[in-house]
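In my numbering, the protein residues as written are 1 to 163. Glycine included, C-beta positions come from ideal geometry on N, C-alpha and C.
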């Protein structure tokens, strides 16, 4: 599995998907986390594209997901326990935190039913907004925001992703 580090294309959050597609994306992402938990590399390879585009923000030593998906570390090196999940367009946003004060957000993007991009944010709060430029107003609407519980864990950087 090849990964690309760098800026991803914009998240297509404004695309409306049918409820069947949204449920399919949600189920696929849940299956990814289950496969990680069970060390099922065959199942993972069927769900994640071979040319996975990757973007990471956080401490260098916390790149657990990339290391697991590329085989650089065992699938049990870090236990991702999703706490909150939301489907927006062709993306699934998953948020989790551990008792040790580690907080993460994964943004999985789908193309033709396969994950083709992941953005991983570790110990970083995320706000996802959509911008509407019609009429010259440049209005923004918040689509998703990290939970306030994560803020209790101390001071964390807060990124705003505009789509």
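- Contact between residue 115 and residue 47 holds: CB atoms are separated by about 6 Å, below the 8 Å threshold.
- Annotation: residue 161 to residue 56 spans about 13 Å, alpha carbon to alpha carbon.
- Shown here, residue 34 sits in a helix according to DSSP, grouped into three states.
- The Cβ atoms of residue 120 and residue 58 lie closer than 9 Å to each other.
- Here DSSP, grouped into helix, strand and coil, assigns residue 86 to strand.
- For residue 42, the enclosing alpha helix (DSSP H) begins and ends at 41-47.
- Collapsing the DSSP output to three states places residue 72 in coil.
- The DSSP-derived three-state label of residue 28 is helix.
- Excluding residues up to 5 positions away in sequence, 25, 87, 89 and 90 lie with their Cβ nearer than 8 Å to the Cβ of residue 17 in the same chain.
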